[in-house]
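Numbering (our numbering), first residue to last: 1 to 416. Let me begin by presenting the structure, written as C-alpha cells, before commenting on it.
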Ligand code: ATP
Ligand code: MG
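Next up, the structure:
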C-alpha cells in the first residue's frame with residue numbers, strides 16, 4: 001500500500017529546498033540588519049492561547065486536539081500569540097523595545113488550493129514595547145525592504161483600525177467583531193445585511209461603508225478624519241517617515257485584518273501572479289500581552305506568507321560545485337581525500353555502492369559534478385591525483401596542495 005501525504009501538505013525536493021533556503025536567507029539577513037534576533041516557540045500550544053482573541057476565523061481553521069492527559073492543545077495557526085506568550089513568560093523584564101523574528105511552520109485546516117495549504121511557513125517579526133509611529137515605520141519599512149530585495153511585484157496597503165473601531169465604539173464588542181471580519185473578507189453585501197440586523201443607525205452604516213471605500217494617496221486621510229472624527233496625527237507622522245525613506249504605499253481604510261487584537265496601524269501587501277490568494281504579508285500594531293497575564297504592552301509586527309513568496313520570487317540560489325572522488329579499489333583513500341576536501345569547504349561525494357570506476361564517473365555526470373578526482377594505484381605511487389574537468393573532459397595530475405588550490409579557485413564555495 002502506498003501512503004500519500006496528508007491533504008494540504010507538501011514535500012520539497014532538493015532544488016526546491018535550495019530555493020526556499022535562499023529566500024529565507026534574504027529575510028533573515030535583512031531582519032538581522034535591523035537588529036532583530038531569532039526566537040522559536042513550540043509547534044503546539046494550549047488551545048486557549050489562540051482562542052482568547054484570535055477571532056472566530058482562526059478557531060474554525062485550527063488543528064485542535066486533546067493529548068493523552070486530556071489537555072486541549074492546538075498546532076499553531078500563527079506566531080504572534082506564541083511570541084507574546086513567550087514575552088510575558090520569559091522576557092517581560094528585559095529592556096524594551098524587544099526585536100524578535102521567527103521563521104516557522106503554521107497549521108490551518110483550510111480548503112487547500114493554490115497558495116493555500118494546511119501546513120505553510122511564515123517569516124515574521126514582532127517589535128515589542130512601543131506604540132509610537134516610529135515602531136510602525138520601522139516594521140513596515142523592514143517588510144518593504146524584504147519584498148523589495150526579493151524583487152517581488154507587490155503593492156503595500158496601509159490603514160488604521162482605530163478609525164473603524166472609533167465608529168463602532170457604541171456597538172457591542174461581539175457585533176463589532178463581526179463587522180470587522182466582514183470588512184476583512186471584503187464581503188460588502190454581508191456587511192450591509194449585518195448592519196441592518198444589528199440595527200445600526202443609518203448615519204453609522206453610511207460612515208462605515210464610505211470609510212472602507214477610502215483608498216489612495218495620503219490625502220484621503222483628511223477625508224477619513226472628517227468622516228470619523230478620529231485624530232489621524234499618528235498616520236500623518238508615519239507617512240512622513242515612510243515618504244522620506246522612499247517606501248511606496250496606498251492608504252487603504254478598508255483594511256480590517258481578520259484577528260481581533262489589532263488596535264492601530266494595519267498593513268497588507270498583495271502581489272501579482274498568485275490569483276485569488278494574493279496577500280503575501282499582513283501586519284499591524286496590537287495589544288495582547290495583558291490577555292496572557294502580562295502588563296499591557298503595545299507591539300507591532302508582520303508575517304510574510306513564505307510559500308506564496310517562494311511561488312513568485314525569481315531569485316535562484318547559487319549552484320553548489322560538487323567534486324566526486326572516484327577510486328579504483330582504494331575506497332579508504334577516497335574517503336580520506338574526500339574528508340580533507342570537505343574540511344576545506346569543498347562539497348565532495350564518494351562512492352558508497354562499490355561501483356567500477358566507469359560507473360563512478362557516470363554517476364559524477366548524473367549529479368552534475370564539476371570535477372572528478374581519481375585515485376588509483378598510479379596516483380598513490382606518484383603522489384599526484386588525477387583531476388578530470390567533467391565539462392571539458394580534460395585531465396590534470398596534481399599533488400594535494402595544488403589540487404586543493406585548483407579546486408578552490410574553480411569552485412563557488414562559501415566557507416561558513
Ligand atoms: P488569507 O486572507 O489569505 O487567508 P490571513 O489573513 O489568514 O490570509 P495572516 O494570518 O495574516 O493571513 O498570515 C500572514 C500571511 O500568511 C498571509 O498574508 C498569507 O500570505 C500567508 N498565509 C495565510 N494562510 C495561509 C495558508 N493556508 N497557506 C499559505 N499561506 C498562508
Ligand atoms: Mg486566512
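Glycine included, C-beta positions come from ideal geometry on N, C-alpha and C. As the structure is a prediction and not an experimental result, all values here were calculated from the model.
A straight line joining the alpha-carbon of residue 283 with that of residue 185 spans about 16 Å. If you check the C-beta of residue 152 against the ligand ATP, you find no heavy atom less than 8 Å away. In the three-state scheme derived from DSSP, where H, G and I count as helix and E and B as strand, residue 63 is classed as coil. Using a Cβ distance threshold of 9 Å, residue 58 and residue 78 count as a contacting pair. Classified as exposed, residue 10 has fewer than 16 neighbouring CB atoms from the shown chains inside 10 Å of its CB. Exposure of residue 6 is indicated by the presence of fewer than 16 other C-beta atoms within 10 angstroms of its C-beta. In the DSSP assignment, residue 75 falls outside any alpha helix (DSSP H) and within the unbroken beta strand (DSSP E) covering 72-75. Taken through DSSP and simplified to helix, strand or coil, residue 253 comes out as coil. As the crow flies, the alpha-carbon of residue 246 is around 13 Å from that of residue 143.
Note on residue 306: 16 or more other CB atoms within 10 angstroms of its CB, so buried under the neighbour-count rule.
DSSP lists 100 as the beta-bridge partner residues of residue 37.
In the assembly as shown, residue 17 is an exposed residue. Its beta-carbon has fewer than 16 other beta-carbons within 10 Å. Ranked by how close their Cα comes to the Cα of residue 153, the residues 218, 368, 370, 314 have 314 in first place. Contact check for residue 160 against residue 229 fails: the beta carbons are separated by 9 Å or more.
A straight-line Cα-Cα distance of about 30 Å links residue 198 and residue 290.
Taking 8 Å as the cut-off, the C-beta of residue 45 does not count as close to any heavy atom of the ligand ATP.
For residue 89, no beta strand (DSSP E) encloses it, and the DSSP letter there is neither H nor E.
One thing to note: residue 136 has its Cβ no nearer than 9 Å to the Cβ of residue 46. When C-alpha distances from residue 44 are compared across 106, 19, 364, the shortest belongs to 106. Around the beta carbon of residue 80, 16 or more other beta carbons sit within 10 angstroms, so the residue counts as buried.
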